[in-house]
Amino acid sequence: MTATIWWTIAGCTVVTALIKAFGPVVMGGRELPARVGGVIVLMAPALLAALVVSSALANGEHLHVGADTVGVAAGAAVLVLTRAGVLTSVLVAATLTAALRLLV
Amino acid sequence: MPSRPEPRGEDRRASFQAGARAAIPYASVGALLSMSFGVLARDAGFPVAAVIVMSAVVFAGSAQFAAVAILAGGGSAGAAIAAAALMNSRFLPMGVALGPSLPGPPLLRAAQGQTVVDASWAMANRGDGTFDRWFLFGSTAPQYVTWMTGTTVGALGGNLLGDTSRFGFDAIYPMFFLALLIAEIKDRRTAAVAGAGALVALSLVEVAPAGLPVLAASLVALWGLRRQEPSR
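So the sequence lines, in the order shown, correspond to chains A and B. Every letter in the first sequence is one number past the one before it in our numbering, and letter 46, counting from 1, is 46. For our numbering, count along the second sequence from 1 and bump the result up by 1000.
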């Protein structure tokens, strides 16, 4: 088991480094046409929205709704409706999730 | 698009410091996430040293969680590495977007690309298709520090904490990404793209391996090729 763990860490390190290096090596220093700039600008909302839903509404490879979904919804409301920062809204989401798990 | 001239020394420092300041809330949240990673990895049978080394050299939260979950479920190293690679595949489009903003020879650019994490990438985005690389480095720095601190605390003190889902720690990740997303939604167009990205990801969750739905969602950004409004 320990050997497997260390091989996994080595593999993850190499793969992550290669993935992170790809774009900078291939695209580095290039002047991009303006239309490509328009695509880059939209990449952040597309990727981040996908990360939100896949972490909030899925459990691995299955759709899943539970106490954490309710907690995240409440944290999101705090984040959007008040001027509370990310840390406060994270604490609201986690606390409510924990409370629901304790009660249910 | 004309690239901006590289700033001078003091401007670089100012950018780095601004990035570091902007990242502090995300770095704090990262401490909680990495703490739960430490606990989880210890539960999965990782020695303390392996937990800490993994955070130090991989430094990619969702990939680390995915790899550990696969090993904990009895999966092979190959399966764990493949899952981590899929979770990290979003750094491909992110790196392609960032690439033109990084100067220097290929190896140096590859090294600079290692500093990309979600929050830094999103915040260093100037909103015109270019990135402030010193802001990026600055915002990754505190996140790395707290990622290591949290991991160490979790790995060493995990027995005291027990199952972190009791504390609702699994609600942290979506909130982390949501806070970044809200800052990116500036108009109807970005809101529509976010909605479409979310739909693409959701529709693929059940049929594609974890990580792929997020990568697929990046294709929605190709909408940007359509008519270009005059910027600014």
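We put the beta carbon where it would ideally sit given N, CA and C, even for glycine. Here the structure is a predicted model, which is why all the values come from computation and not from measurement.
Among the CB atoms of chain A, none fall inside 8 angstroms of the CB of G1019 (chain B). The Cβ atoms of P1093 (chain B) and M43 (chain A) lie closer than 8 angstroms to each other.
When beta bridges are read from the DSSP output, A58 (chain A) appears opposite A:L63. Counting along the chain, the unbroken alpha helix (DSSP H) around L1178 (chain B) starts and ends at I1172 to E1184. Runs of the alpha helix (DSSP H) lying entirely within the region 1023-1075 of chain B, each at least 4 residues long, are 1048-1057 and 1061-1072 in chain order. For the 8 angstroms CB-CB criterion, A98 (chain A) and V72 (chain A) do not form a contact.
In the DSSP annotation of this structure, A1210 (chain B) is not part of any alpha helix (DSSP H), being labelled neither H nor E. Of all residues in the region 1073-1093 of chain B, only S1076, A1077, G1078, A1080, I1081, A1084, A1085, N1088, S1089, R1090, F1091, L1092 and P1093 come within less than 8 angstroms of chain A when Cβ atoms are compared, listed by chain position. Setting aside the 5 residues that flank it on each side, L18 (chain A) has no residue in the same chain whose C-beta is closer than 8 angstroms to its C-beta. If you draw a straight line from the Cα of V1096 (chain B) to the Cα of L1219 (chain B), it is about 13 angstroms long.
Taken atom to atom, the span from the alpha-carbon of A1085 (chain B) to that of V1193 (chain B) is near 25 angstroms.
Contact between the region 1101-1117 of chain B and the region 18-37 of chain A is present: three or more C-beta pairs spanning the two stretches fall below 8 angstroms.
The beta carbon of L81 (chain A) sits no closer than 8 angstroms to any beta carbon of chain B.
For A84 (chain A), no chain B residue has a Cβ inside 9 angstroms of its Cβ, as the nearest lies near 10 angstroms away.
For the region 9-31 of chain A, the residues whose beta carbon sits under 7 angstroms from a beta carbon of chain B are, in order, I9, G11, C12, T13, V15, T16, A17, I19, K20, A21, F22, G23, P24, V25, V26, M27, G28, G29, R30 and E31.
Sorting B:A1208, B:L1181, B:G1195 and B:V1207 by C-alpha distance to the C-alpha of V86 (chain A) places B:L1181 at the top. Relative to the Cα of A49 (chain A), the nearest Cα in the group B:A1221, B:G1157 and B:S1034 belongs to B:A1221.
At least one CB of chain A lies nearer than 8 angstroms to the CB of L1178 (chain B). Where F1091 (chain B) is concerned, the enclosing alpha helix (DSSP H) starts and stops at F1091 to L1098. In this structure, the alpha-carbon of Y1026 (chain B) lies about 7 angstroms from that of F1176 (chain B).
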